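For the sequence shown, numbering that gives the first Met the number 0 gives the first residue as 0, with consecutive numbering after it. Just below is one structure, and these are the notes that go with it.
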Amino acid sequence: MSTTDTHDGPGVPDEAPRSGGADEDGGPEAILDPYYLYAVDTDFRFLGRNKAEAYPVLLELTKPLVGARAEMDERLHGRIEDLVHFSELFLRPPAGLEDARYVTALVGRKFFEAVREGLLNGIVRRFELCVPSRDFPLAWPTGREGRGSEASWGIARTREIPAQLQQAGPSSASTPGSQSAGAASASPLPQRVLVGVIDDGIAFAHRRFRSVDGMHTRLHAFWGQDLDGTLNPGPWPSGGRILTDNDIDTALKNSAVGTMLDEDAVYRRVGLAYGRPGHKSWGRRCGHGTAVTDIAAGLDGDEVLSTSPSIAAVQLPIAVTIDSTGGLLSSYAVDGLQWIMKCADTLKPANLPAMPTVVNLSYGTLAGPHDGTGMLASAIDEKIRLCRVAGKKLSVVLPSGNGHLSQTHAVTVLKADGISISTLRWRVLPDGKTPSFVEVWLPNGTLGREVEIQVTTPTGHVSGWIRENDPVYRWPTNATPLLWIRYRSGTPTRRRKRILVAVYPTAAVQQGDRVAPSGSWQIALRTTGNTDRVVDAFIRRNDTPAGFPVRGRQSRFEDAHYLETRYDARGRLEESDSGQSAVRRMGTISDIASGKLTVVAGGFRGSNLSTARYSAGGPTLVPASGPPWPRTGPDALLLSEQSHALQGILAAGTRTGSTVALNGTSIAAPQITRWIASQMRQGTGEGLRTEVAAEAAAQELARAGQIRPNGPLEPMPSVPRGGAGRIRYSTQAGMPKANRLRRP
0 MSTTDTHDGP GVPDEAPRSG GADEDGGPEA ILDPYYLYAV DTDFRFLGRN
50 KAEAYPVLLE LTKPLVGARA EMDERLHGRI EDLVHFSELF LRPPAGLEDA
100 RYVTALVGRK FFEAVREGLL NGIVRRFELC VPSRDFPLAW PTGREGRGSE
150 ASWGIARTRE IPAQLQQAGP SSASTPGSQS AGAASASPLP QRVLVGVIDD
200 GIAFAHRRFR SVDGMHTRLH AFWGQDLDGT LNPGPWPSGG RILTDNDIDT
250 ALKNSAVGTM LDEDAVYRRV GLAYGRPGHK SWGRRCGHGT AVTDIAAGLD
300 GDEVLSTSPS IAAVQLPIAV TIDSTGGLLS SYAVDGLQWI MKCADTLKPA
350 NLPAMPTVVN LSYGTLAGPH DGTGMLASAI DEKIRLCRVA GKKLSVVLPS
400 GNGHLSQTHA VTVLKADGIS ISTLRWRVLP DGKTPSFVEV WLPNGTLGRE
450 VEIQVTTPTG HVSGWIREND PVYRWPTNAT PLLWIRYRSG TPTRRRKRIL
500 VAVYPTAAVQ QGDRVAPSGS WQIALRTTGN TDRVVDAFIR RNDTPAGFPV
550 RGRQSRFEDA HYLETRYDAR GRLEESDSGQ SAVRRMGTIS DIASGKLTVV
600 AGGFRGSNLS TARYSAGGPT LVPASGPPWP RTGPDALLLS EQSHALQGIL
650 AAGTRTGSTV ALNGTSIAAP QITRWIASQM RQGTGEGLRT EVAAEAAAQE
700 LARAGQIRPN GPLEPMPSVP RGGAGRIRYS TQAGMPKANR LRRP
C-alpha cells in the first residue's frame with residue numbers, strides 16, 4: 000500500500016548539467032523543453048504512455064521549413080528520417096504559408112539526443128512536447144505508410160447543397176448591433192465563409208449542422224484526430240481520420256430509418272463505437288465542442304441558405320482534452336488550424352485567394368509567459384500574419400480564460416536589501432493523480448544567478464538555495480523525484496527566464512506508487528543584485544474537465560491577506576485585488592490568448608451586464624525583447640451566463656432536440672466567431688481586433704443611459720478586465736433558437 004512520503008533526506012541534484020554548455024541563444028539548454036526533461040526523469044509515466052518511440056512536437060525554427068530541413072539533413076548526413084518526420088501539412092502548405100517557422104513534426108528519441116549534442120543549434124530554436132494520441136505506434140515509422148495523402152485529407156473537393164434543397168429563410172448571420180442587422184437585411188450576402196472549430200466532442204450529425212432536408216451535412220470536412228486512421232488517415236503527427244462531406248452524407252443516408260436519423264448509428268459507422276476503450280465524449284448528454292459549434296455556426300433546417308457558412312471541424316484527441324493543462328495541445332491545434340486553411344484554399348471563390356475563414360479555439364492555459372511569446376500563441380499569430388500578407392482573410396477567436404478567481408497567479412517583489420526573502424505558499428491538494436507545476440517567471444533585465452529559489456515541503460524538507468544554471472534538483476531520489484526544480488536561463492536575449500517547480504502526484508495511480516506530501520509548499524525567493532525585481536508565478540492548470548474521470552486536483556496560492564479580503568461587504572466573492580496580497584486576480588488571462596493578432600473574448604452576465612466573476616483579464620506581461628504586445632486584456636465581453644440563477648446559456652446537446660446550459664468564456668468566444676463570420680459574409684469585416692473593439696465601444700455608447708445610477712445595468716469594467724466593452728445581441732435572430740426562449 001502506498002502512503003504519503005515523509006522522507007526528509009537530502010535532495011539529489013544532477014552529477015553535472017545534462018546538456019552541458021551555456022544557455023546561449025539557440026544552444027541546447029535553450030532548445031530543451033523543461034517539461035520534456037521532467038518526463039525523462041519520471042520515466043514518461045505522465046505523458047501518454049511510458050517511453051513511446053514517437054512524440055508529436057511543435058517546433059520553432061530559425062528559418063522556413065524548406066531551408067531548415069535541408070540544413071538539418073546536411074548536418075545529420077542524410078539521417079533526418081531517423082530523427083524527425085515533418086507534417087505533410089507544412090511540407091505542402093497552403094499558398095502564402097511557405098515561410099512559417101512554427102511547424103509540427105513527429106520526433107523520436109534520436110531527435111532529443113541530437114538536441115543535447117548541439118547538432119540542431121541554429122536550426123531549432125525551441126520545441127514543445129505533446130502527448131501521443133491513443134493510436135500512435137510504439138515503433139518509429141518507416142516510409143510513408145499510414146501518414147495519409149493530400150487527396151484523403153478532405154480538402155480535394157467541395158459539394159454545394161443541391162439547388163432543389165436550397166430555400167429562402169432567415170439569414171444565418173448574427174449581428175450584435177442594430178445597424179449591422181439592418182444592413183444585412185437591405186442587401187444580399189454574396190460571400191460564403193468558412194467557420195472552423197477546434198474542440199472536443201463535436202457531434203457532427205446533429206440537426207443543427209445539416210441542410211434543409213436533413214440528409215446532407217453542412218460540414219466541408221471533419222478531422223477526428225482520435226478516430227481510427229486506417230481509412231482516410233489524417234496527416235501526421237496528429238493522425239486520426241478525415242471524413243469528407245461525402246463520407247458524412249453516406250453515413251447519414253445509411254443510418255436513416257424512414258424519415259428519422261439514428262445518430263448513434265452514424266457515429267458507429269465512422270468508428271466512434273462504444274466498445275472502444277477510454278472516454279466517449281460523443282456518448283454523453285453534453286459535448287463541449289457540439290455546443291461551441293452550435294453557437295458559432297449552428298442553424299435550423301429552415302434557416303439554411305446556399306450562402307450559409309460552411310464548417311470545418313477538428314476534434315482533438317481524448318488524450319489532449321483529458322489533460323486540462325493545455326500544455327499537450329499545441330501540435331494538434333496548430334495542425335488543425337493549418338488543415339482548416341487548406342480547406343479554405345479548396346473552397347475559395349474565383350476572385351479570392353481563399354475562402355474567408357474564422358476559427359474558434361475554446362481552450363485556455365493558466366501557466367506560461369503571458370507576454371505573447373508562448374509557443375502556441377506565437378504560432379497562431381504567425382499564421383494570421385502570413386495569411387493576411389498573402390491577402391487571405393483569417394481570424395482566430397480565443398477565450399480569455401476562467402481563472403480570475405482561481406488563485407493561480409502570484410506577484411512578489413524581491414527587495415535588493417541583502418536580507419529580504421519573499422515567500423509564496425503553494426497549496427497542493429491531496430488525492431491528486433497528476434503532477435502539479437509552478438512556473439516562476441523573472442522580469443526583463445534579470446542578471447545571471449541574481450535571483451535564488453528555495454522550496455520547503457509540507458514535511459519540513461528544505462531544498463537549499465538554487466541559482467540559475469545549477470543542476471536539476473530532485474528530492475528524495477533520482478528515481479522518484481517527488482520535488483523537481485529546474486532553473487535554466489533559456490535564451491536571455493529573446494525570452495524571460497523561467498524556473499519550473501514540479502511536485503509528484505499526491506495519490507497513487509498504481510499500487511506501490513510513492514506519492515508527494517500534500518499541504519502547503521513554500522517557495523522562497525530572494526535577489527542578490529542591486530535592483531528590486533518583480534516576479535510573477537503561475538500555477539499550471541490541473542483540474543479535471545467536466546464529464547471526464549477525476550484525475551488531477553487544482554493547486555492554488557494562498558496568503559493571509561487574500562483570505563481576509565476574499566469576500567466583499569455584501570458577502571460575495573471579491574473580484575478586485577488587494578495591494579497587500581501576493582495572490583493576484585488580474586493578469587490571469589490565458590497564455591494562448593496573450594498574442595498580438597487573435598481576437599479574445601471574456602464573459603458577462605446577461606441580467607445586469609456585470610462581468611462574470613470567473614472571466615480572466617490582463618494585463619499581459621512585457622516580453623524580454625522587442626516592443627510590448629498591444630494586449631491589455633480581452634478585446635470585448637460576450638454573454639456567458641444569463642444570471643446568478645441561470646449560470647450559462649443554452650446550446651445544442653449531443654443529440655438532436657436536446658439543449659444544454661454551459662457557461663464560461665469558452666462559450667462567449669463562439670459568439671464573436673459567429674459575428675465575425677457575419678461581417679465577413681457581408682464584406683464589411685476582416686475579422687480584426689479593431690473591428691470587434693469598435694463594435695463593443697459603439698454598444699457601450701448606445702447604452703450609456705441604462706448604466707447605474709440611471710438604469711439597471713452595471714458600469715463597464717476596466718479595460719484589462721473588459722476590453723473595449725460588452726457586445727450584446729440587440730435581437731435574438733442570430734442566436735440558436737434555444738436561447739431565444741430567454742432574452743439575455
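Positions of the beta carbon are idealized from the N, C-alpha and C atoms, including for glycine. Remember, it's a predicted structure, so these values are computed and weren't measured experimentally.
Residue closest to residue i, alpha-carbon to alpha-carbon, out of the options
i: Val500; options: Asn477, Asp512, Arg473; result: Arg473
i: Trp483; options: Leu36, Glu28, Ala29; result: Leu36
i: Arg387; options: Met340, Thr258, Ser639; result: Met340
i: Ile418; options: Glu59, Gly528, Val333; result: Gly528
i: Ala60; options: Leu562, Arg424, Ser377; result: Sequence check: residue 60 is Leu here, not Ala. Nearest C-alpha to Leu60: Ser377.
i: Ala99; options: Asp334, Leu397, Arg727; result: Asp334
i: Ala250; options: Gly286, Ser280, Arg209, Gln224; result: Arg209
i: Ser665; options: Glu262, Gly286, Asp531, Arg707; result: Gly286
i: Ala650; options: Gly721, Gln681, Leu46, Leu298; result: Leu298
i: Leu96; options: Leu637, Thr597, Pro63; result: Pro63
i: Ala409; options: Ala415, Gly238, Gly578, Asp293; result: Gly578
Whole-angstrom C-beta distance between residue j and residue i, which should lie under 8 Å
i: Leu31; j: Ser329; result: Contact doesn't hold; Cβ gap of about 16 Å is too wide.
i: Pro234; j: Ser86; result: 6 Å
i: Val123; j: Val114; result: 7 Å
i: Ala318; j: Val130; result: 5 Å
i: Asn541; j: Thr372; result: Between Thr372 and Asn541 the Cβ distance is about 23 Å, and since that is not below 8 Å, they are no contact.
i: Ser361; j: Asp225; result: Rounded, the Cβ-Cβ distance is 18 Å, inconsistent with contact.
For residue j and residue i, the rounded distance between their alpha carbons
i: Ile538; j: Pro429; result: 16 Å
i: Gly121; j: Gly77; result: 18 Å
i: Glu70; j: Arg125; result: 16 Å
i: Leu193; j: Ala94; result: 17 Å
i: Ala366; j: Trp674; result: 29 Å
i: Glu14; j: Arg68; result: For Glu14, the pLDDT reaches just 37, beneath the cut-off of 50, and the residue's location in the model is therefore unreliable, although a value from the coordinates is still provided. Computed Cα separation, rounded: 35 Å.
i: Lys595; j: Glu467; result: 30 Å
i: Trp464; j: His369; result: 26 Å
i: Ile522; j: Gly363; result: 25 Å
i: Tyr34; j: Ile498; result: 12 Å
i: Lys347; j: Ala668; result: 25 Å
i: Arg741; j: Thr655; result: Caution applies to Arg741, whose pLDDT of 38 falls short of 50 and renders its modelled position unreliable; the model cannot decide the point.
i: Asp512; j: Val549; result: 18 Å
i: Thr689; j: Leu620; result: 21 Å
i: Ser399; j: Arg240; result: 30 Å
i: Val65; j: Leu88; result: 13 Å
i: His278; j: Gln670; result: 28 Å
Limits of the unbroken alpha helix (DSSP H) element including residue i
i: Trp338; result: 329-345
i: Thr356; result: Where Thr356 is concerned, there is no enclosing alpha helix (DSSP H), although the beta strand (DSSP E) it sits in stretches over 356-360.
i: Arg206; result: Neither: Arg206 is in no alpha helix (DSSP H) and is coded neither H nor E.
i: Tyr561; result: 559-563
i: Glu694; result: 688-701
Residue i in three-state terms, based on DSSP
i: Ser665; result: helix
i: Thr229; result: coil
i: Gly238; result: coil
i: Leu118; result: coil
i: Glu449; result: coil
i: Met214; result: coil
i: Thr41; result: coil
i: Phe85; result: strand
i: Val269; result: coil
i: Met585; result: coil
i: Ser421; result: strand
i: Gly107; result: strand
i: His643; result: coil
i: Asp98; result: coil
i: Ile498; result: strand
i: Gln678; result: helix
i: Glu127; result: strand
i: His76; result: coil
Residue i - containing beta strand (DSSP E), residue span
i: Ile30; result: Counting along the chain, Ile30 falls outside any beta strand (DSSP E), though it belongs to the alpha helix (DSSP H) covering 27-30.
i: Tyr613; result: Per DSSP, Tyr613 belongs to no beta strand (DSSP E) and is neither H nor E.
i: Ser745; result: Any question about residue 745 goes unanswered here, given that the chain covers just 0 to 743.
i: Ala415; result: First-last for Ala415: undefined, no H or E at that position.
i: Arg473; result: 472-475
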